[in-house]
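Heads up: the sequence shown runs through residues 294 to 586, numbered per the numbering used here.
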Amino acid sequence: MIAAWSAEAIAGFEERLVRLRHTLAGRAMFSDEGLSALLDRYPRAALGVYKMGDDPEDWRTWRRGAADRMSGDSLLEAVKQGRFWLNLRHVNDHLPEYASLCAEIAAEKERRLKRPILNRDLGVLISSPNARVFYHLDVPLSSLWQVRGEKRIWFYPCRQPFVQPAWLERCVQGVAEGQMPYRAEWDAAAETFPLIPGDMVTWPQNMPHRVDNGPMMNVAVSMEFMTSRARIRANVLRANGVLRAVGWAPRVQDRMGPTLAAKLALARIHRLSRPRRRGPILPQAFALGAGDR
């Protein structure tokens with residue numbers, strides 16, 4: 294068993310924040326040696342390398358870079374000494390031991406939750422002391438498994454003004470990044486708590502959140518995935534974006550009926566009519582080299 298799923302957690306899945314304890318923290322793959330080997334073996338072109346400013350309201354200071362010429366050891370040391378965020382997405386598609394971990398996590402969720410876990414994207418997040426992830430949302434469902442270090446996470450209501458429908462629709466359509474405008478006064482409406490090694494949290498689809506690291510390197514596993522219900526919501530949002538572009542003010546349906554069926558058909562047509570985006574939306578702004586901080 295990876296995580297201790299209580300009856301309350303199972304009942305709250307997809308509806309509210311769910312927090313559990315897990316047993317990933319002691320695995321050798323997350324030691325310094327394991328992380329260095331991971332960075333050497335993971336396709337460097339797929340590595341997400343990010344810098345950020347100090348003001349969480351200035352979300353446009355979130356910048357994407359590259360680290361093509363650094364070894365795993367030197368890149369890990371740069372993270373320890375600097376202020377970066379490394380995101381190794383779809384690591385389950387590239388390395389067999391992480392594919393096994395992804396399958397293990399998904400199998401446990403399916404067994405506990407009694408529903409298929411689809412579109413699985415296992416990621417490893419390696420981040421610097423005091424680094425932060427700015428206010429953003431994810432299109433799929435997500436869970437975050439804290440392995441090393443400590444961080445604080447804030448979750449905000451999934452409604453206006455915290456989420457603008459048009460922005461959410463653009464994220465689903467793949468024409469906008471998940472980072473969004475944020476105001477510090479919104480913290481009064483947030484639910485916040487620390488994450489320490491062995492903590493896991495999962496949250497409702499599209500719920501905005503942000504993260505601040507403690508004064509130490511952090512390592513976490515992220516798991517993005519879909520359920521049948523989450524897929525329907527994503528497709529309704531895609532269709533809503535099409536309708537909003539021609540002057541409508543659409544709502545999100547979550548019950549089957551003629552309107553929802555029509556939106557699912559529209560979403561399929563829109564997806565098939567657009568070339569699939571390759572690569573990130575955010576342009577590369579810097580190149581990380583040995584000695585950078």
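We treat Cβ as the ideally placed atom computed from N, Cα and C, and that holds for glycine.
Since the structure is predicted, the reported quantities are computational estimates derived from the model, not experimental observations.
Problem set entry | Exposed unless 16 or more other CB atoms sit within 10 angstroms - verdict on residue 539 | Along the sequence shown, read from residue 1 onward, the residue named residue 539 stands at position 246. Within a 10 Å sphere around the beta-carbon of residue 539 sit fewer than 16 other beta-carbons, which makes this residue exposed.
Span separating the alpha-carbon of residue 373 from that of residue 442: Here residue 373 refers to the residue found at position 80 when the sequence shown is read from its first residue. Here residue 442 refers to the residue found at position 149 when the sequence shown is read from its first residue. Each residue's alpha carbon lies about 11 Å from the other.
inquiry  = Just to confirm before moving on: does the CB-CB distance between residue 533 and residue 544 stay below 9 Å?
reply    = For the purposes of this step, residue 533 is taken as the residue at position 240 of the sequence shown. For the purposes of this step, residue 544 is taken as the residue at position 251 of the sequence shown. The answer is yes: Cβ separation under 9 Å.
Check whether the stretch 376 to 384 and the stretch 408 to 425 touch, using three or more Cβ-Cβ pairs below 8 Å as the test.
Touching, yes, given that three or more Cβ pairs across the two stretches are closer than 8 Å.
### Query
Would residue 520 be called buried (16 or more neighbouring beta carbons within 10 Å of its own) or exposed?
As a working mapping, residue 520 is identified with position 227 in the sequence shown. With 16 or more Cβ atoms within 10 Å of its Cβ, residue 520 is classed as buried.
message: Using 8 Å for Cβ pairs, my map puts residue 502 next to residue 448. What's the rounded Cβ distance?
response: By 1-based counting over the sequence shown, the position of residue 502 is 209. By 1-based counting over the sequence shown, the position of residue 448 is 155. Correct: roughly 5 Å between the Cβ atoms.
field: Inside the stretch 366 to 396 only - alpha helix (DSSP H) runs reaching at least 4 residues
entry: Within the stretch 366 to 396, no run of alpha helix (DSSP H) reaches 4 residues while sitting entirely inside it.
From this set, 451, 477, 528, which residue's C-alpha is nearest residue 554's C-alpha?
-> One-based indexing of the sequence shown puts residue 554 at position 261. When each option's Cα is compared against that of residue 554, the closest is 528.
- Query: Got a sec? Which residues, its chain only, sit under 6 Å from residue 337 by beta carbon, not counting five neighbours each side?
  - Reply: Mapped onto the sequence shown, residue 337 falls at position 44. Apart from sequence neighbours up to five positions away, the residues of its chain that approach residue 337 with a beta-carbon distance below 6 Å are 361, ordered along the chain.
inquiry  = Please state the DSSP three-state secondary structure of residue 544.
reply    = Here residue 544 is taken as the residue at index 251 of the sequence shown, counted from 1. Correct three-state label for residue 544: coil.
Notebook entry, point to check: Under the rule that 16 or more other beta-carbon atoms within 10 Å means buried, what is residue 468, buried or exposed?
Noted result: Indexing the sequence shown from 1 puts residue 468 at position 175. Exposed, by the Cβ-count rule.
_Endpoints, the alpha helix (DSSP H) within which residue 416 is located_ = As a first step, residue 416 is located in the sequence shown; it is residue number 123 there, counting from the start. No alpha helix (DSSP H) contains residue 416, which is instead part of the beta strand (DSSP E) from 411 to 420.
- Task: May I have the straight-line CA-CA distance separating residue 564 from residue 524, to the nearest angstrom?
- Result: Numbered from its first residue, the sequence shown carries residue 564 at position 271. Numbered from its first residue, the sequence shown carries residue 524 at position 231. Inter-residue distance for residue 564 and residue 524 is about 13 Å (C-alpha atoms, whole angstroms).
Query raised in the report: What is the DSSP secondary structure of residue 446, reduced to helix, strand or coil?
Result: What you label residue 446 is simply residue 153 of the sequence shown in a count that begins at 1. It is a strand residue.
> Looking only at C-alpha atoms, which of 489, 472, 505, 314 sits nearest to residue 499?
Replying inline: Position 206 of the sequence shown holds residue 499. Considering only alpha carbons, the answer is 472.
Taking just the CA atoms, how far does residue 369 sit from residue 327?
By one-based count along the sequence shown, residue 327 stands at place 34. By one-based count along the sequence shown, residue 369 stands at place 76. If I take the Cα positions, the gap works out to 11 Å.
- Query: Among residues of its own chain, excluding the 5 on either side of residue 434, which ones have a beta-carbon nearer than 6 Å to its beta-carbon?
  - Reply: For the purposes of this step, residue 434 is taken as residue 141 along the sequence shown, with counting starting at 1. In the same chain as residue 434, and ignoring 5 residues on each side of it, the C-beta atoms closer than 6 Å to its own belong to 498, 518, 523, in chain order.
Meets three-Cβ-pair contact criterion under 8 Å: the stretch 388 to 400 and the stretch 423 to 430: Counting Cβ pairs under 8 Å, fewer than three are found: no touch.
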